[in-house]
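Notes for the one structure printed next.
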Amino acid sequence: MDRVVAFKALVGSHNYNLNDENSDKDYKVFVLPTFEDLYNREMYANQIIGEEEDLDIHDIRKLPNLFYKSNINFIEVLYSNEIIIGEEMNRTQEILIKKIFEKRDEIVRMNLPHLFNAGMHLNKIKLLRKGTEGTQHLVDKFGYDTKQAQHAYRVLNFIERFSETELSDFKQAITYFGEDKKFMLDIKGAFFNAESFENFVSFYHDARFKPLKEKYHSFKPNEELKKELEMLIMNLVKVSVVN
2 MDRVVAFKAL
12 VGSHNYNLND
22 ENSDKDYKVF
32 VLPTFEDLYN
42 REMYANQIIG
52 EEEDLDIHDI
62 RKLPNLFYKS
72 NINFIEVLYS
82 NEIIIGEEMN
92 RTQEILIKKI
102 FEKRDEIVRM
112 NLPHLFNAGM
122 HLNKIKLLRK
132 GTEGTQHLVD
142 KFGYDTKQAQ
152 HAYRVLNFIE
162 RFSETELSDF
172 KQAITYFGED
182 KKFMLDIKGA
192 FFNAESFENF
202 VSFYHDARFK
212 PLKEKYHSFK
222 PNEELKKELE
232 MLIMNLVKVS
242 VVN
């Protein structure tokens, strides 16, 4: 990777307290654009799959829009259990990055209507019986992708859990303990057969998730915060270009 790392954050099962002995560490990595990226108006992206950790790499200029779209998988970097600022960041850049993290509770509420809609659980449900290169063995064994099933339920469950905190504690909403954790791991372990899970998650969607739509959609998006984030990122990139 020939890009300068701004910061790297642990995400996924290790961040939800849902990892097991087979769970790799997943990181989202945000990098600064090169001069060529800026000149060609390109946004770098890459994925690196390793034996012990997987890296999902993005141009840091994407962050304001990703946060505005309320993609849960990107917002969670703000609440990561492991945040590493790039070694090549100078003092000014470190301060700008920390300012972004200081606004995390505002960012998670920046666009609550989008947050409600951002889970795409229906897309995950459609993929249950297909599997991927990494989960085909689950489809072969259980008849469906139990890892995808856990993801599908989790994105719905998050909306209810976050609502229970009065939309104020994202970290609590994504972290599982006790019986809640056991249930999540049971889903991944094929507690349900495929048809039973599809029936369960459909019932949960209609009975527990859908009634929360009005609550989330009663809030207006915070356009000013998006502009503020864009300025922070612009200054972060500017420092690297000037230097």
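Convert by adding 1 to the 1-based position in the sequence shown; the result is the number in the working numbering.
Each residue gets a CB set at the ideal place from its N, CA and C atoms; glycine is no exception.
| Query | Result |
| --- | --- |
| Sorted by chain position, which residues of the same chain lie with C-beta nearer than 7 Å to LYS227's C-beta, five sequence neighbours on each side aside? | PRO65, TYR69 and MET111 |
| For ILE49, which beta-bridge partners are listed by DSSP? | LEU56 |
| On the premise that GLU53 lies in contact with ASP1, defined as a C-beta separation below 8 Å, what is that separation, rounded to the nearest angstrom? | The structure shown does not extend to residue 1, since the chain spans only 2 to 244, so no value can be given for it. |
| Looking at the structure shown, is LYS63 part of a helix, part of a strand, or coil, going by DSSP? | helix |
| Tell me which residue opens and which closes the alpha helix (DSSP H) that VAL140 is part of. | 137 to 143 |
| So what does VAL12 bridge to, in DSSP terms? | ASP27 |
| Would you list the residues sitting across from ILE188 in a DSSP beta bridge? | DSSP lists no partner for ILE188. |
| So, helix, strand or coil for VAL238, using DSSP? | helix |
| If ILE85 and LEU237 are in contact, beta carbons under 8 Å, what's the gap, nearest whole angstrom? | About 16 Å separates the two Cβ atoms, so there is no contact after all. |
| To the nearest angstrom, how far is it from the Cα of TYR205 to the Cα of VAL156? | 12 Å |
| What are the start and end residues of the alpha helix (DSSP H) that includes SER169? | Neither: SER169 is in no alpha helix (DSSP H) and is coded neither H nor E. |
| Using the C-alpha atoms, what's the distance from GLU165 back to ARG198? | Note that residue 198 is Phe in the sequence shown, not Arg. For PHE198 and GLU165, the distance between alpha carbons rounds to 24 Å. |
| Can we say the segment 73 to 92 touches the segment 37 to 56, given the rule of at least three CB pairs closer than 8 Å? | no |
| Under DSSP, the alpha helix (DSSP H) around HIS218 begins and ends at which residues? | 214 to 218 |
| Label TYR40 either buried or exposed according to how many other C-beta atoms from any shown protein chain fall within 10 Å of its C-beta, with 16 as the threshold for buried. | exposed |
| Does the structure place the segment 159 to 179 close enough to the segment 202 to 220 that three or more beta carbon pairs sit under 8 Å? | yes |
| Span of the alpha helix (DSSP H) holding LEU39? | 36 to 41 |
| Provide the residue(s) that pair with VAL32 in DSSP beta bridges, ordered along the chain. | VAL6 and ASP60 |
| Got a sec? Which residues, its chain only, sit under 6 Å from LEU19 by beta carbon, not counting five neighbours each side? | TYR177 and MET185 |
| With distance defined between alpha-carbon atoms, name the residue in SER14, ASN72, VAL6 and GLY51 nearest to LEU33. | VAL6 |
| Keeping to the same chain, check which residues put their C-beta closer than 8 Å to that of ASP81; ignore five residues upstream and five downstream. | For clarity, residue 81 is Ser in the given sequence; the question names Asp instead. The answer, listed in chain order, is ALA10, LEU11, VAL12 and ASN16. |
| Between LEU233 and LEU67, which are expected to be in contact by the criterion C-beta below 8 Å, what is the C-beta distance as a whole number of angstroms? | 14 Å between Cβ atoms; not a contact. |
| One question on the structure: do ALA195 and GLY144 come within less than 8 Å of each other, judged by their Cβ atoms? | yes |
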